[in-house]
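Shown next, in C-alpha cells, is the structure this report addresses.
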Amino acid sequence: MASVTCLFLLVGTGVASAQDVTLRLLMEDVPDTHVITPYLPEFEEKTGIKVEFEIVQYLDMHSKLVPQFLAPESSYDVIVVDNYWAGEFPAAGWLEPLDEYVARDNVDISKYIPAMLDMVGYYPMTGDDRSLYMLPFYNYTMCLIYRTDLMEDADLQAQYKDMTGNDLALPQSMTEYVEVCKFMQDNAENVYGSAMQAGRGDPIVMEWSNYLFALGGDYYDDNWNATINNDKAIQAIDYYMENVKEAAPKGALNFNLDDAFRVMSQGQAWSMITYNWMLAALDDPDKSKVAGKVAISPLPEGKSLAGGWGWGIAHNSPHKEEAWEFIKWVESFEIAKKRALNGGAPTRSDILLDPDVLAKYPHYKVVEEILAKSKPVPEFQYSTQMVEIVGRELSLIGAEGKEPQAAMDEAAQELNDLADKAGLQ
Numbered sequence: 038m039a040s041v042t043c044l045f046l047l048v049g050t051g052v053a054s055a056q057d058v059t060l061r062l063l064m065e066d067v068p069d070t071h072v073i074t075p076y077l078p079e080f081e082e083k084t085g086i087k088v089e090f091e092i093v094q095y096l097d098m099h100s101k102l103v104p105q106f107l108a109p110e111s112s113y114d115v116i117v118v119d120n121y122w123a124g125e126f127p128a129a130g131w132l133e134p135l136d137e138y139v140a141r142d143n144v145d146i147s148k149y150i151p152a153m154l155d156m157v158g159y160y161p162m163t164g165d166d167r168s169l170y171m172l173p174f175y176n177y178t179m180c181l182i183y184r185t186d187l188m189e190d191a192d193l194q195a196q197y198k199d200m201t202g203n204d205l206a207l208p209q210s211m212t213e214y215v216e217v218c219k220f221m222q223d224n225a226e227n228v229y230g231s232a233m234q235a236g237r238g239d240p241i242v243m244e245w246s247n248y249l250f251a252l253g254g255d256y257y258d259d260n261w262n263a264t265i266n267n268d269k270a271i272q273a274i275d276y277y278m279e280n281v282k283e284a285a286p287k288g289a290l291n292f293n294l295d296d297a298f299r300v301m302s303q304g305q306a307w308s309m310i311t312y313n314w315m316l317a318a319l320d321d322p323d324k325s326k327v328a329g330k331v332a333i334s335p336l337p338e339g340k341s342l343a344g345g346w347g348w349g350i351a352h353n354s355p356h357k358e359e360a361w362e363f364i365k366w367v368e369s370f371e372i373a374k375k376r377a378l379n380g381g382a383p384t385r386s387d388i389l390l391d392p393d394v395l396a397k398y399p400h401y402k403v404v405e406e407i408l409a410k411s412k413p414v415p416e417f418q419y420s421t422q423m424v425e426i427v428g429r430e431l432s433l434i435g436a437e438g439k440e441p442q443a444a445m446d447e448a449a450q451e452l453n454d455l456a457d458k459a460g461l462q
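Heads up: the sequence shown begins at 38 in my numbering, then just goes up one per residue.
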C-alpha cells in the first residue's frame with residue numbers, strides 16, 4: 038500500500054551537533070501516531086533534531102523494517118515495535134539495548150505499568166538475564182465493552198431473574214459471560230449477545246485468547262512445551278464457538294474489528310470483547326448510536342489479552358543518541374499527558390490516573406486495572422507464525438467443523454517445533 042510521509046522541516050535552535058540530523062521513523066497509520074505529530078515542532082525547536090514520520094499500514098511495516106536491520110546502516114532510527122515482534126527483534130540483535138541509556142540519564146521506568154514494561158520493554162519477558170530494549174509506547178489491551186441500558190432494563194432484569202434465579206449482573210466467569218450473551222440474544226429486541234471478530238488469522242486469535250486466559254490456559258508452559266491442546270484450551274474453544282454460533286451475528290467467522298464495531302455501534306449487540314480504546318469511538322455520537330449507553334469492564338476472571346507497542350532504537354542506526362533523545366522526549370510526562378488528552382492509549386500509571394486525564398476519560402481508572410492484570414501472547418522469535426498456526430486451526434474448527442482436539446493437537450505440534458527452532462526447549 039502507498040505510504041504517506043509526514044515531514045516536519047522546521048529548523049530548530051538546538052545544539053550545533055544536532056543541526057544536520059534527521060531522524061526517520063516508520064509509523065503505523067493509527068491515532069497514537071497522529072496525536073504525536075502536532076508536537077514534533079516542539080522537539081525540533083528544543084533539540085535542533087528534525088523528525089520524519091513515514092506512515093504506512095500495519096501489513097507493510099514488518100517487510101519494510103527487516104531489510105533495514107540487515108543492511109549496514111538502517112534508514113530508520115527509532116523503531117516502533119508491536120508486541121508480536123518484541124521477541125523477534127531483540128533475539129535477532131536488531132535493537133539497541135537501552136539499559137545503559139536509562140541508567141546514565143536517570144530515566145524513571147517505574148512509572149510504566151509492569152505488565153506493559155514486561156511486554157514491550159524487556160526481553161526476555163521474565164528472568165534474571167533480561168535486558169531493556171524498548172520503552173512502552175501505547176497499549177491495545179482488550180476488555181469487555183457492554184451496553185449499560187440493557188443491563189439496567191427492568192424487563193430484562195426480571196426475565197433473567199425468572200430464568201436463572203440470579204440477578205442480571207456483569208459476568209464473573211466465562212460460563213456466565215456466554216450465558217448472558219445468549220440471554221440477550223434471545224430476549225433483548227434486535228440485539229446479538231456479542232459483536233465478535235472471528236475472522237481467520239489475527240482477529241480470531243486476539244479474541245479467543247481472552248477466553249483461554251480467563252480459564253487459566255496459555256500457549257506454552259514455563260518450559261516452552263505447548264499447552265494449546267490441553268483441557269483448558271479445549272474448554273475455551275467450546276465456549277468461544279458456542280458464542281459464535283448462538284450469540285453472534287451470522288457471518289461472524291468472517292468478521293474483523295471493523296465489522297464487529299459496525300454491529301456494536303449500530304446498537305445491534307449487547308457486548309464486545311475488544312480493545313479498550315474502542316470505548317471512545319462507541320461513546321462518540323457522531324460515530325455510534327449507543328453513545329452514552331456503553332461502559333468498560335475487566336473481562337471475566339480478570340485476565341485479558343495484552344497488546345501494545347514499544348519504542349526502540351535500530352542496532353545499526355547512525356543516530357542512536359539522537360534517537361534516544363527523541364524517545365525520552367516523547368515519553369516525558371508532559372508529552373505523554375498531551376498524547377493521552379488527545380486520545381492516545383497510555384502505558385503509564387501516572388498518566389492514566391492523572392486528574393486532568395481522568396476528568397476527560399473517567400474510564401481510564403478501570404483501564405489501569407485492566408492493564409495491570411493483562412498478559413500477552415508468548416513473545417519469542419516466532420510469535421507471528423504461532424498466531425498464524427493457531428488462527429488457522431481455530432478457523433477450521435469454526436468454519437469447517439474440524440474436531441477441536443485434533444485441530445489443537447496439530448497446532449501444539451507446530452508450536453513445539455517453533456519453540457525448538459528458537460532454542461527454547
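C-beta atoms are modelled at their ideal positions from N, C-alpha and C, and glycine is treated no differently.
Could you spell out the range, first to last residue, of the beta strand (DSSP E) harbouring MET179?
179-184
Are the region 92-112 and the region 144-162 touching, with three or more C-beta to C-beta distances below 8 Å?
no
Can you give me the start and stop residues for the beta strand (DSSP E) that LYS309 sits inside?
Per the sequence shown, residue 309 should be read as Met rather than Lys. Residues 306-312.
So what's PHE292 in DSSP terms, helix, strand or just coil?
In the structure shown, PHE292 sits in coil (DSSP, three-state: anything other than H, G, I, E or B).
Can you name, in chain order, every residue of its own chain whose Cβ lies under 8 Å from the Cβ of ALA318, other than the five neighbours on each side?
PHE298, SER302, LYS324 and SER325
Grab the span of the alpha helix (DSSP H) containing PRO78 for me, first residue to last.
77-84
Going straight from the alpha carbon of GLN422 to that of GLY428, what length do you get?
10 Å
Express the C-alpha separation of GLU451 and ASP391 in angstroms, rounding to a whole number.
45 Å
Under 8 Å between the Cβ atoms of PHE106 and ALA360?
no
According to DSSP, which residues form a beta bridge with GLU358?
Residue pairing by DSSP places GLU358 in no beta bridge whatsoever.
Classify ALA53: buried if its beta carbon has 16 or more other beta carbons within 10 angstroms, exposed otherwise.
Confidence at ALA53 is low in this model, with a pLDDT of 38, below 50, so its placement is unreliable and the value that follows should be read with caution. Exposed is the call here.
LEU389 lies in the beta strand (DSSP E); which residues open and close that run?
From DSSP, LEU389 is part of no beta strand (DSSP E) but of the alpha helix (DSSP H) over 386-389.
In the region 207-242, which residue ranges form an unbroken alpha helix (DSSP H) of at least 4 residues, counting only runs that do not cross its ends?
211-224
From this set, ALA377, GLY438 and ILE388, which residue's C-alpha is nearest TYR76's C-alpha?
ALA377
For the alpha helix (DSSP H) that THR163 lies in, which residues bound it at each end?
That residue, THR163, is in no alpha helix (DSSP H); it is neither H nor E in DSSP.
Report buried or exposed for LYS198, applying the criterion of at least 16 other Cβ atoms within 10 angstroms of its Cβ.
The residue is exposed, with fewer than 16 neighbouring Cβ atoms inside 10 Å.
Less than 8 Å between the C-beta atoms of ALA128 and GLN418, yes or no?
yes
Just to confirm the assignment, what range does the alpha helix (DSSP H) spanning ILE271 have?
268-284
Please name the residue in SER168, TYR229, LEU187 and TYR160 whose C-alpha comes closest to that of ALA140.
SER168
What's the gap between the Cα of PRO337 and the Cα of ASP155?
23 Å
For ASP446, which residues of its own chain have a beta-carbon under 8 Å away from its beta-carbon, when the five flanking residues on both sides are left out?
Same-chain partners within the cutoff: ASN266.
Identify every residue that forms a DSSP beta bridge with MET64.
ILE92
Give the straight-line distance between the Cα atoms of THR212 and ALA251, rounded to the nearest whole angstrom.
10 Å
Count the other CB atoms, across all protein chains shown, that sit within 10 Å of the CB of ASN203; report buried if there are 16 or more and exposed otherwise.
ASN203 comes out exposed.
Can you tell me which of the three DSSP states GLY345 falls into?
strand
What span of residues does the beta strand (DSSP E) with ASP22 cover, start to end?
Only positions 38 to 462 of the chain appear in this structure, which leaves residue 22 out of reach.
Under the DSSP definition of a beta bridge, which residues are partnered with ILE350?
VAL115
Do you know how far the Cα of VAL424 is from the Cα of ASP454?
14 Å
Following the continuous alpha helix (DSSP H) through TYR401, name the residue where it begins and the one where it ends.
That run of the alpha helix (DSSP H) goes 401-410.
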